C-alpha cells in the first residue's frame, strides 16, 4: 500500500472490486454481559477506497466497541462485517489485515523503533531484504529518518514521534483499512491539529481507506471526508462535515457539533402575525403548516444577523443583555420581545453596543433547521 | 513558611515521632534475625549473651558437616540438596500453573471468574497445619510413594497465590492494547504473548519465581508433616538438630539460610525497581 | 437531507456470528486448569478432613460416627481453643497498633529508597525462615539470653525473667512474624488518602491529632480491619511459633492437632479439631469481606 500512490488507479467503474466498498457494516450489534448492556446496535456503514470516515460521538457511545469489532478484537452479537466484500465474522484479528492505531499508541516499549515497525512484516514471514526496504520506506513516509531513529527505544521519543512510529508500524503491513482510535488525544491542541493535517495528507497520498474514531468534532471535521455520528450505540447520521453541521438530523447531533440556538415558534395564519408573543423568523414561518402547532427552530449563533436598525418587516426586536469576546468574535446574548433568549456571533462590535442596546434580529430561513427528536 | 520534612504533609515533630517509632519497631522485628547472626560467631559452645569473643569455629564445623568425612552421616548436605531441589521444582510448577492463571484472571472474562479469584487466595489463609495433616492422610492412603514430590506438591499449593499475585500485578501494569496491537499486526495470540507480553512481564515472573523459591526453601509446617527419610529438607534437619542439642552450629547454618534469603529478597527488590523504571511514560 | 445508511441492508443476507473462535470461557479454562488443580487439592484436603472427622480410629475412611465430635466439647479442649483465639486476638490487636506508624511512614516517606528499605525490613520477618527466627527469639528471651543479660546489668535480679516457653514469648513471636500482613493493607489504605484532604481539614481548624481522629483513621479503617483480621486468621492456625517458642508449655489448637495426629495417632479427633480451626479461619475471612465491602459501598 505504501507504493499505491504511484500506481495508476483503475478507471472509474473499470473493475468489479472498485465498486465494492472496502468496509461494510450491516446491522452490526454488540451486547455485553449476556445482553444486559447493548454497546452497539443496528449499525450500518460503509467506507470506500481512499476515503477517510470519522466516527464521532461522546464517550461511551459505542464507537470504540465498533472499531474493535472491525479490527477483530471483539465479536459482534448480530449483523455482518465485510472487508472487500467478504464476511470476516469469526476471523481473528491477526488474520484480518486491518490496521489499528491505538489511543495509547501501544508502541512495544522493549523494542526499538525499527523492531516496532518491522514487527508486522516479521509476523507475515516477509523475507529479510524486503523487510529492510519496507521499513525504511515507511519511516520515510512518516518523516522519521531511519538513520536517526531506527535504533532508538520508544522511551527516548516525544509524543509526536511515537505517533509517527505507530502510524509507520501500521502502514508497513499494507492493511486493507486503517482504524485510528483517537490516537492524538494525549497530544496538546496545536500538535494535534498539525498531526491531523499530516495524517490526512499521508492517507490521501497512499489512497488508503481509513476510519478515525474521536469525540472531538473539530478534529473530525478537519480529518474526514465523511462523518458518522454515534449516540448510545446507534449511528444517528452520516454525511460530509459541512452537511452534518448545517443539517443535523436531530437535536443531539445539532448540539454535539457546536453551539446552537433553540427557539419555540408557533405557526400563525398570515393575518395574525403581529399578535404579541408570536415569533417570526425570516420566512421560516411560511414553511410551516398553518394552525397552532408549536415547533422548535434551531440555528447556529453565527447565522444570526444582528442590526441596530430595522431593515425588514420580518426582523424581530430584542435587547442585548450580555456580551463576551472570545477568539476574535463577539458573542451577544439577546432577549427577544417575547422573553426567549438567543446567542448571536459577529465579527463587528456593533458600534460599541452593550447591555441594554436595542437590536433587530434576522435569521435566513436557509440556516434554520427543525430536526425531529 | 512550612519546612518540608522527610514525610509528606507532616511537620517536624510529627515526622520525627513517626520515623522514630518506625525505626524502633523495625529494629525489634529484625532482632531475632540479628541475634541469630551475632550468636553464630560465638567461640563458646553455649548460647549465652554476650558472646565472650568472636570466632568462625561454628562455620568451620558447618563446613565440615557439609564436606567432611561424616557428611553422609550428618545429612546436612543431603537435606540442603533436597531443599534446593524441592524449591526449584516448586518454583517451576508455580510458574507453569501461575502464569497462565494470572493471564486469564487479568485479561480474560469467563464464567466463574469471581469465584476463581476468591479461590486463588484460599491457600494463603487456609491453616497450613490442616493442609499438612490432610495431605498426610491422603498421601498415606495412596498405594505408591511420591518421594520429594509430596513436598513439592504441598509447597506449590501454598506458594501459588504469591506467584499469581506477582504475575497479575505485572500484567495489570501492562497496557492491554500492546497485545491487541500485536494481534492486528498479524501475530497469533500465542505469538503475541511470547513476543510482546512475556518479555514485558519477565521481571514479574522472575521475581515471582524467586519468591516461591524462598517460600518453599523456608517452609516448615507442611514439611514437618510430610517429610520422609528420603525427602528430608533443611528446615526439618535444623529442627531435629535443635531438638537434640542446642549447639551453635545451628546458628551458623541458620545464618547461611538468612544470607540466602536476604540475597534473593534483594534481587527481587532490584528487579522490582527495574520494572518501574523500564516502563514507557 | 443526509443519508443515514449508505448500505442497503435488505439486499445482503445477514450472517449470524460463526463460532469459529473458541469462546472466552473455554480458552480461559485451559489456562486456569493447572492452577485449578492445585487449588482443587486444598478443597480435596478440606473434604478429606471433614470425612475423617466422622470416622473412627483405625477405620478412618470406612466408619461413620460422631464420637470424635462429642469429645470436642470436653472442657480441656474448649480451653485450648479459647487460648488459641485469645492469643490470635491479642496478636492481631498488637500487630495493628504496631503496624500503624510503620504504615504511615511507608505511605508518606518522600524518599523512594527509604520506602523500599522499610518495605524490605517489613517483609523480612515473614520471608525469612520461621524456624531460624524462632531460634533468634530463643537467643533473645532465653534464661541466658540478650534480654536477661541486659536487665541483670541494669537491676539486681535474683532470678532471670522468663519469657521463653510462655504466652508472652509466643505472643511476641506471633506479632513479629505476622506484622507484614497488618502493615501492607494499612499502608495501601493510607496511600489513597490525598495529603490535600488532610490539609483541607487543617485549614478548617483541625489540629494534627484531630486530623488523625477525624480523617486518617476513618479513611484507613478498612485497611486496619482487613489487616487485623488477616493477622487473626493467620495466627489462629499458627504452628511453628507456638511449637518452637512455646516449647511444650503453651498448647494451642495447632499443637493439639499435631499431638492427636502424630503422637496419639487419633486421626478422627485430629480431624475434628482441624475442621473447627478451618471453620474459624473461614468465618473470619468471610467477616473481613463483609466488613470491607460494606465499608467500600458507603464511601
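Residue numbers (the working numbering), protein chains in the order written: chain A, 148 to 520; chain B, 26 to 306; chain C, -3 to 295. Positions of the beta carbon are idealized from the N, C-alpha and C atoms, including for glycine. Values in this document were obtained by computation on a predicted structure and should not be read as measured data.
Whole-angstrom distance between residue j and residue i, CA atom to CA atom
i	j	result
residue 188(C)	residue 96(C)	15 Å
residue 58(C)	residue 48(C)	9 Å
residue 475(A)	residue 489(A)	20 Å
residue 140(C)	residue 269(B)	19 Å
residue 90(C)	residue 158(C)	21 Å
residue 146(C)	residue 284(C)	41 Å
residue 218(A)	residue 208(A)	18 Å
residue 80(C)	residue 46(C)	21 Å
residue 137(C)	residue 173(C)	16 Å
residue 200(B)	residue 274(B)	51 Å
residue 448(A)	residue 186(A)	34 Å
residue 374(A)	residue 26(C)	43 Å
residue 477(A)	residue 492(A)	6 Å
residue 122(B)	residue 236(B)	15 Å
residue 186(B)	residue 148(B)	7 Å
residue 33(B)	residue 106(C)	6 Å
residue 118(B)	residue 109(B)	14 Å
residue 199(C)	residue 210(B)	55 Å
residue 105(B)	residue 108(C)	36 Å
residue 517(A)	residue 223(B)	57 Å
Residues that residue i contacts on chain B, provided the C-beta gap is smaller than 7 Å
i	result
residue 257(C)	158
residue 218(A)	209
Contacts that residue i makes with chain B (C-beta to C-beta distance below 9 Å)
i	result
residue 241(A)	207, 208, 209, 210, 211, 212, 213, 214, 216, 217
residue 195(C)	34
Helix, strand or coil at residue i according to DSSP, with G and I counted as helix
i	result
residue 191(A)	strand
residue 289(B)	helix
residue 129(A)	This structure does not reach residue 129(A), given that chain A is present from 148 up to 520, and the question cannot be answered.
residue 302(B)	Reliability fails at residue 302(B), whose pLDDT of 42 lies under 50, so the model's placement of it is uncertain and no value is given.
residue 256(C)	helix
residue 170(B)	coil
residue 129(B)	helix
residue 98(A)	The structure shown does not extend to residue 98(A), since chain A spans only 148 to 520, so no value can be given for it.
residue 210(A)	helix
residue 36(B)	coil
residue 189(C)	coil
residue 54(C)	coil
residue 298(A)	coil
Contacts of residue i in chain B (Cβ-Cβ under 8 Å)
i	result
residue 320(A)	210, 211
residue 247(A)	205, 206, 209
8 Å Cβ shell around residue i - same chain, five flanking residues per side excluded
i	result
residue 286(B)	239, 242, 243
residue 431(A)	In this prediction, residue 431(A) scores a pLDDT of 44, lower than 50, which makes its location untrustworthy; no coordinate-derived value is stated.
Neighbourhood of residue i by C-beta distance below 7 Å, restricted to the same chain and skipping five residues each side
i	result
residue 371(A)	199, 200, 201, 359, 388
residue 246(B)	153, 154, 157
residue 206(A)	362
residue 169(C)	130, 133, 237, 241
Closer than 7 Å at the beta carbon, the chain A residues around residue i
i	result
residue 221(B)	255
residue 202(B)	249, 251, 253
Other residues of its chain near residue i: CB distance less than 6 Å, five sequence neighbours each side excluded
i	result
residue 39(B)	none
residue 423(A)	Model confidence at residue 423(A) stands at a pLDDT of 36, short of 50, so the residue's coordinates are unreliable and nothing is read from them.
residue 433(A)	Its pLDDT being 41, under 50, residue 433(A) is placed unreliably by the model, and nothing is read from it.
Partner residues on chain C for residue i, Cβ-Cβ distance less than 8 Å
i	result
residue 166(B)	57
9 Å Cβ cut-off: residues of chain A touching residue i
i	result
residue 225(B)	255, 256, 257
Contacts that residue i makes with chain C (C-beta to C-beta distance below 7 Å)
i	result
residue 294(B)	112, 116
Three Cβ pairs or more, each shorter than 8 Å: is that satisfied between the region 329 to 348 of chain A and the region 261 to 268 of chain A?
no
Count Cβ pairs between the region 174 to 192 of chain B and the region 106 to 119 of chain B that sit closer than 8 Å; are there 3 or more?
yes
Under 8 Å, with one C-beta from each stretch per pair, do the region 130 to 141 of chain B and the region 231 to 243 of chain B reach the 3-pair mark?
no
Within 8 Å, do at least three Cβ pairs link the region 212 to 221 of chain C to the region 176 to 194 of chain C?
yes
Would you call the region 293 to 304 of chain A in contact with the region 319 to 339 of chain A, where contact means no fewer than 3 C-beta pairs closer than 8 Å?
no
Do the region 243 to 262 of chain B and the region 125 to 141 of chain C make contact, defined as three or more Cβ pairs closer than 8 Å?
yes
Three CB pairs or more closer than 8 Å across the region 232 to 239 of chain A and the region 275 to 282 of chain A:
no
Does the pairing of the region 191 to 205 of chain B with the region 236 to 253 of chain A give three or more beta-carbon distances under 8 Å?
yes
Three Cβ pairs or more, each shorter than 8 Å: is that satisfied between the region 31 to 38 of chain C and the region 118 to 135 of chain B?
yes
Check whether the region 306 to 322 of chain A and the region 286 to 298 of chain A are in contact - that is, three or more C-beta pairs closer than 8 Å.
yes
Does the region 495 to 510 of chain A come close enough to the region 455 to 464 of chain A that 3 or more CB-CB pairs lie under 8 Å?
yes
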